[in-house]
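**Q** Residue numbers (our numbering), protein chains in the order written: chain A, 1 to 335; chain B, 1001 to 1371.
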Amino acid sequence: MTRQVDMSHGAGGRAMARLIDDLFRAALDNPALARGHDAALLDLPPGRVVMSTDSFVISPLFFPGGDIGSLAVHGTVNDIAMGGGVPQALTAGFILEEGFPLADLERIVASMAKAARAAGVSIVSGDTKVVERGKGDGVFINTTGIGVVPDGVTIDPAQAQVGDAVLVSGTLGDHGVAIMASREGLEFGTDLTSDAASLNHMVAAMLRVAPDMRVLRDPTRGGLAAAVNEIAQASGVGIELDEATLPLRPEVRGACELLGLDPLNVANEGKLLAICPPARAEALLQVMQADPLGRDAAIIGRVIDDPRCFVRMRTGLGGARMVDWIAGEQLPRIC
Amino acid sequence: MKYVEEFRDPALAKGLSDAIARAADPDRTYRFMEFCGGHTHAIARFGLEDLLPGNIRMIHGPGCPVCVLPVARVDAAIALATQHDVILCTYGDLMRVPGSGFRSLTKARAAGADIRMVYSVMDALALARAHPDREVVFFAIGFETTTPPTAVAILQAAKEGLTNFSVHCNHVLTPAAMRAILAGGDTEIDGFVGPSHVSAVIGTGPYVEFTRDHAKPVVITGFEPLDVLQAVLQLVRQVNEGRIEVENEYARAVSDAGNLVAQQMMARVFTLRDRFEWRGLGWVDHSALRLTDAFASFDAERRFALELPTPTENKACACGDVLRGVKTPVECALYGDPCTPENPLGACMVSSEGACAADWTYGRFRREAAS
Ligand code: SF4
């Protein structure tokens, strides 16, 4: 019989101790965790501390290009990086559903460990709870992280100024379309994978050439459209994008076309949006393109004066349109 | 998807745009109705307004399936879901369309009704197979594009002997709606950008009759932006030359005869209704389909008696006028405040094919100039 999570794994007894020892501590191996305290003690470099938390519920748990474990690490690492922070440590909380195969859990934890190693952060504290069968969806993961912001760096969504350049680090919509395709069993005749990745190393390089960077944002749920609109609102400016410059994989464009979706509204998990003073844009672009995660980086627009805080786009055909948040769910067209 | 790229080429678009500007007579205006919501969406999304001279006005037509559904039919969907303990399956757009008293399927679902959003009628059929103990009703909406799949599902259900599957049929007919718009007499139109997907099913024949009866040119075209520009160019030329013809710019998908297999299937399962109520157009003769008597057992309208409220329209909502092209979305007093896609007060603000939603989502930056 395949080994499964049962209620005793969350009950605080020996089964739980063994699970934690065997599975989590072994995979995530680091001094803070090894001490076995409830609270991790950290030595942090000097600087201001940023902190972020995120919960991950995703179906399917394993998808092309990642799984819920790696996503939980990338997501929080990126949130810290978008605050200008160098990630220092993460915590991880698991809510497991009774009956969940332990082999799957091992796979998820191993993938978290790998993602954390790649990002250069440790998972220093964890927690596990088990809920009865039917009350969860296999596994939910929460990660919380802290990072330290180097002196002289202040990243804030309210700092975009008229004239600033808008850059994106790569192709848009890859994650959302990969997930949708694997969830719906859609066959596009392609092998799209999620772009999920930790962006902190690229951000560190970016901040070295542009310490006066104004805004960083990872366009996850709601896609690029939501991210640029949030920035425009927060900063009280307008943003103008150039459709012709948007990096898009042909497969993503095609899938969105078939499904009646706008790639600008589709989620990304390994991309960032950067807004910087115009004089820095070219240097920043080169640094981004030199990073494997930023190969397809592009300057996609500029900050403009608009008291209504609208985001508009010059379309590939030479017209203009708004780029808006989506209302409700994205639905395929029926006409 | 190289295929798509060819229909979005900026240089070709510029060429068409220049050709339209050269062809258009500056001493007159051109009013063209794009019938389909798909075209409305493409015009807004690609900013095609900017590629047309000021004296060519695109009037948005009623080709948005959820937009034309009258309040009484929305009420029927809600009643089906709440009065008979059925699993009601529907396309997602319908969920948020307000019925009488601001009720909607979304609210009915929150109150406990079993309503499932499906991507195709086949999903509904699968649910019926999976839940033999439940009645599964597919709330069918749409023009001739979505009608053949509904017919296929009914034929399949009959073949499998499924007794718990039925269809609430709201399939409507494009040519009848085009005639009704002109019969209304309050919309001035010089020509029609004809449907793409619909025409792939019905062919060009119905439009030939239409142009003969109503003396308006029709150019059938696809949903790609270059298709739309090409159709506008052909319409301008027809108007200039006094020609009134059906031209088929979309020959890569539309043949004169249309899809005969689909037509035969539709004829087996569906028959014309004497009349059907449309939002905006009122009761229109021979404008919609119902199930034939042979398939009566799959007809939810005959299967479930419904207690319906007296339909109450939101008086201030101008959807009816917008659907006929009499008003533009901004001319509705509710546009933007309080009616937005987050808080739709009318169907035209719900669907991405609706004229109000397209204008709000893609075009509202034009409305008031930035200071
Ligand atoms: S703005 Fe809203 S209320 Fe007005 S016509 Fe459009 S959908 Fe109806």
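The C-beta atom is built at its ideal place from N, Cα and C for all residues, glycine as well.
Because the structure is a prediction, the values reported are computed rather than measured.
Give every residue of the same chain whose Cβ lies closer than 6 Å to the Cβ of G1346(B), excluding the five residues on either side of it in the sequence, and list them in chain order.
**A** The beta carbon of G1346(B) sits closer than 6 Å to the beta carbons of C1317 and C1319 from its chain, once the five residues preceding and following it are set aside; these are given in chain order.
**Q** Look up R1031(B) in the DSSP assignment and say whether it is helix, strand or coil.
**A** strand
**Q** Could you pull out every residue in the same chain whose Cβ sits closer than 6 Å to the Cβ of W1283(B), ignoring the five residues on either side in sequence?
**A** Excluding sequence neighbours, W1283(B) sits near R1275 and E1277.
**Q** Taking only the alpha-carbon atoms, compute the straight-line gap between T1068(B) and D151(A) and give it to the nearest angstrom.
**A** Looking at the sequence shown, residue 1068(B) is not Thr but Val. The C-alpha of V1068(B) lies about 60 Å from the C-alpha of D151(A).
**Q** Among F1192(B), E1247(B) and A1305(B), which one has its Cα closest to the Cα of Y1030(B)?
**A** Of the candidates F1192(B), E1247(B) and A1305(B), the one whose C-alpha sits nearest the C-alpha of Y1030(B) is F1192(B).
**Q** Identify whether M213(A) lies in helix, strand or coil by the three-state DSSP scheme.
**A** Here M213(A) sits in coil by DSSP.
**Q** Using only CA atoms, which one of L1052(B), A1108(B) and V1208(B) lies nearest to D1085(B)?
**A** A1108(B)
**Q** Looking only at C-alpha atoms, which of A1111(B), T1150(B), G1222(B) and L1291(B) sits nearest to R1252(B)?
**A** Closest option to R1252(B), judged by alpha-carbon separation, among A1111(B), T1150(B), G1222(B) and L1291(B): G1222(B).
**Q** Given a cut-off of 9 Å on the beta-carbon distance, is the pair G147(A) and Q88(A) in contact?
**A** yes
**Q** Do N1170(B) and A1130(B) have their beta-carbon atoms positioned less than 9 Å apart in this structure?
**A** With respect to N1170(B), A1130(B) sits apart: the two C-beta atoms are not nearer than 9 Å.
**Q** Would you say Y1091(B) and G1142(B) are within 9 Å of each other, going by their C-beta atoms?
**A** Yes, they are a contact pair.
**Q** List the residues of chain B whose Cβ lies closer than 8 Å to the Cβ of R312(A), in chain order.
**A** F1365
**Q** Check whether the Cβ atoms of S70(A) and K114(A) lie closer than 9 Å to each other.
**A** yes
**Q** What are the boundary residues of the beta strand (DSSP E) that E1277(B) is part of?
**A** R1275 to W1278
**Q** Is DSSP giving N265(A) helix, strand or coil here?
**A** Correct three-state label for N265(A): helix.
**Q** When the Cα atoms are used, what is the spatial distance from A297(A) to P247(A)?
**A** 7 Å
**Q** Cβ of L1088(B) less than 9 Å from any chain A Cβ?
**A** no
**Q** If I follow the unbroken beta strand (DSSP E) through E240(A), where does it start and stop?
**A** Annotation: the continuous beta strand (DSSP E) that includes E240(A) extends over G238 to D242.
**Q** Would M180(A) count as contacting chain B if we go by Cβ distances under 9 Å?
**A** no
**Q** Restricting to Cα atoms, I'd like to know which of E97(A), G99(A) and D79(A) is closest to L90(A).
**A** D79(A)
**Q** For P1053(B) versus P1010(B), is the C-beta spacing smaller than 9 Å?
**A** no
**Q** I'd like the span of the alpha helix (DSSP H) that includes S1120(B), first residue to last.
**A** Taken as a continuous stretch (DSSP letters only), S1120(B) belongs to no alpha helix (DSSP H), as it is neither H nor E.
**Q** Can you confirm whether the stretch 1252-1268 of chain B touches the stretch 1228-1239 of chain B when touching is taken to mean that 3 or more C-beta pairs between the two stretches lie within less than 8 Å?
**A** no
**Q** Closest to R1366(B) by C-alpha separation, out of R48(A), W325(A), D324(A) and A320(A), would be which residue?
**A** A320(A)
**Q** Pull out every residue of the stretch 1044-1055 of chain B whose Cβ sits closer than 8 Å to any Cβ of chain A, in chain order.
**A** Within the stretch 1044-1055 of chain B, the residues whose Cβ lies closer than 8 Å to some Cβ of chain A are A1044, R1045, F1046, G1047, L1048, E1049, D1050 and L1051, listed in chain order.
**Q** When you compare the CB positions of V311(A) and L241(A), do they come within less than 9 Å of one another, or not?
**A** yes
**Q** Please identify the residue among G260(A), R25(A) and I299(A) whose C-alpha is closest to the C-alpha of P278(A).
**A** I299(A)
**Q** The ligand SF4 and M1349(B): does the residue's C-beta get closer than 8 Å to at least one heavy atom of that ligand?
**A** yes
**Q** Taking Cβ-Cβ distances shorter than 7 Å, what residues in chain B pair up with M112(A)?
**A** The premise fails here: M112(A) is roughly 33 Å from chain B at the closest Cβ pair, so nothing lies under 7 Å.
**Q** I'd like to know whether the C-beta atoms of M1266(B) and T1147(B) end up nearer to each other than 9 Å.
**A** yes
**Q** Nearest chain B C-beta to A232(A) closer than 9 Å, yes or no?
**A** It does not: the Cβ of A232(A) has no partner Cβ on chain B nearer than 9 Å.
**Q** Beta carbon of G138(A): closer than 8 Å to some heavy atom of the ligand SF4?
**A** Checking every heavy atom of the ligand SF4 against the Cβ of G138(A), none is found closer than 8 Å.
**Q** Determine the closest residue to R1273(B) out of L1281(B), Q1264(B), R1279(B) and A1288(B), with distance taken between C-alpha atoms.
**A** A1288(B)
**Q** Grab the span of the alpha helix (DSSP H) containing D1285(B) for me, first residue to last.
**A** Per DSSP, D1285(B) belongs to no alpha helix (DSSP H); it is in the beta strand (DSSP E), G1282 to D1285.
**Q** Taking contact to mean at least 3 C-beta pairs separated by less than 8 Å, is the stretch 1038-1053 of chain B in contact with the stretch 1071-1079 of chain B?
**A** no
**Q** Who pairs with V287(A) in a beta bridge, going by DSSP?
**A** Note: V287(A) sits in no beta bridge, so no partner.
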